[in-house]
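Chemist:
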Amino acid sequence: MLWVCLVAQAQPVDVELRIDGNPVPPGGAVVVDGRLLIADTFVEQMLGFTREPGDSSGILKWFGHQWQFRAGQATCLVDGRTVQMDVAPQLLGGKLYCPAGVLVQPLGATVERLDDGAFRLLPPRAIVKSIRQGLHEQSVRIVIDLSGPAAFSRRVAPGRFTLNVPLPDTPEGRGTLLSQHSFADALVPTITESRSNGWAEIAISHASPLPPSVFTLCGPERIVVDF
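Residue numbers (our numbering): 909 to 1135.
This is the structure:
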């Protein structure tokens, strides 16, 4: 007689994820077998990743680091190295949920579980050193120079694109600031920078009919926004 033992895989359970104690939009994280998985769309919108999705895979980039995941596969590539994971990524509702530990380790970030069952992510922080504009043949480029890599979030609205950068707990990071950067090109004429409560908000007013493309570079660290 042949006996076959089937082990059922635990079903994903939605869980609340907070950044530095601040609630974020739902649907960004699930728990599988006690392991936290974070959606690729979440790390793009809330942590500053660049995302290249595939049918059941995805490539994520962040300040010189690169991750390559595939749904159901317990190994991934991190900066060209093969990494074994405790739980495989899962494709749920068109989002690729990836193990949090593998994602945040190169960032220098930490994730902790709170008493109420939610998870809190403590992001890497940096000072905004300068904001500059470069003109290209068919686009306008905004470059935001940072003191180091930072997990920034983004918001898109008609005629306005906003970045929020977490600041370090230093005298400069704790200070307040309100300044406006003016540029000659009418496509991106003004940028307002404000700092308060440990965050820098960079609000870019623009006349582009399309949303901008955003990516990060290292050596030195900077955020690039192309309109």
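Think of the CB as a built atom: it goes at the ideal place given N, C-alpha and C, for glycine as much as any other residue.
All of these numbers come straight from a predicted model, not from anything done at the bench.
List the residues that DSSP assigns as beta-bridge partners of His-973.
Modeler: BP columns for His-973 point to Trp-970.
Chemist: Kindly list the residues whose CB is nearer than 7 Å to the CB of Trp-911, restricted to its own chain and excluding five residues on each side of it in sequence; keep chain order.
Modeler: Below a pLDDT of 50, predicted positions are generally treated as unreliable, and Trp-911, at 49, falls in that range; no measurement from the model is reported.
Chemist: On the criterion of 16 or more Cβ atoms from any shown chain inside 10 Å, does Asp-928 qualify as buried, or is it exposed?
Modeler: So Asp-928 counts as exposed.
Chemist: What first and last residue would you give for the alpha helix (DSSP H) that runs through Asp-994?
Modeler: Asp-994 -> no alpha helix (DSSP H), and no H or E assigned at all.
Chemist: Within the chosen definition, does the stretch 1009-1021 reach the stretch 1091-1110 through at least 3 CB pairs nearer than 8 Å?
Modeler: As far as the Cβ criterion goes, the stretch 1009-1021 does not touch the stretch 1091-1110, which means the pair count is below three.
Chemist: Within the continuous beta strand (DSSP E) that includes Pro-961, where are the two ends?
Modeler: Unbroken beta strand (DSSP E) run through Pro-961: 958-961.
Chemist: Count Cβ pairs between the stretch 1112-1132 and the stretch 1020-1030 that sit closer than 8 Å; are there 3 or more?
Modeler: Result no; under three Cβ-Cβ pairs closer than 8 Å.
Chemist: Can you give the beta carbon distance from Thr-1100 to Gln-1088, rounded, assuming they're within the 8 Å contact cut?
Modeler: Confirmed, Cβ separation roughly 5 Å.
Chemist: Rounded to whole angstroms, what is the Cα-Cα separation between Pro-997 and Ser-1090?
Modeler: Taking the straight line from one Cα to the other gives about 44 Å.
Chemist: Report the residue from Gly-988, Pro-1120, Val-1012, Gln-919 whose alpha carbon sits nearest the alpha carbon of Arg-1068.
Modeler: Checking every option, the nearest Cα to that of Arg-1068 belongs to Pro-1120.
Chemist: Can you tell me which of the three DSSP states Phe-950 falls into?
Modeler: In the structure shown, Phe-950 sits in a helix (DSSP, three-state: H, G or I).
Chemist: Tell me the rounded alpha-carbon separation between Leu-1004 and Arg-1103.
Modeler: Whole-angstrom Cα-Cα distance: 33 Å.
Chemist: For Pro-1066, I'd like the list of residues in its chain whose CB is within less than 7 Å of its CB, leaving aside the five on either flank, ordered along the chain.
Modeler: So no residue of the chain qualifies.
Chemist: With a threshold of 16 other CB atoms inside 10 Å of the CB of Leu-1022, please say whether the residue is buried or exposed.
Modeler: Flag for Leu-1022 reads exposed.
Chemist: Please tell me whether Gly-1042 and Val-1051 are closer than 8 Å, where the distance is taken between their beta carbons.
Modeler: A contact, by the Cβ cut-off of 8 Å.
Chemist: Do Arg-959 and Leu-968 count as a contact pair if the criterion is CB distance below 8 Å?
Modeler: Closer than 8 Å, so yes.
Chemist: Name, in chain order, the residues that DSSP records as bridge partners for Arg-1068.
Modeler: Bridge partners of Arg-1068: Ala-1065, Ser-1113.
Chemist: I need the DSSP call for Glu-1129, collapsed to helix, strand or coil.
Modeler: Correct three-state label for Glu-1129: coil.
Chemist: If we ignore side chains and look at the alpha-carbon of each, how far apart do Leu-1011 and Trp-975 end up?
Modeler: Roughly 8 Å separates the two Cα atoms.
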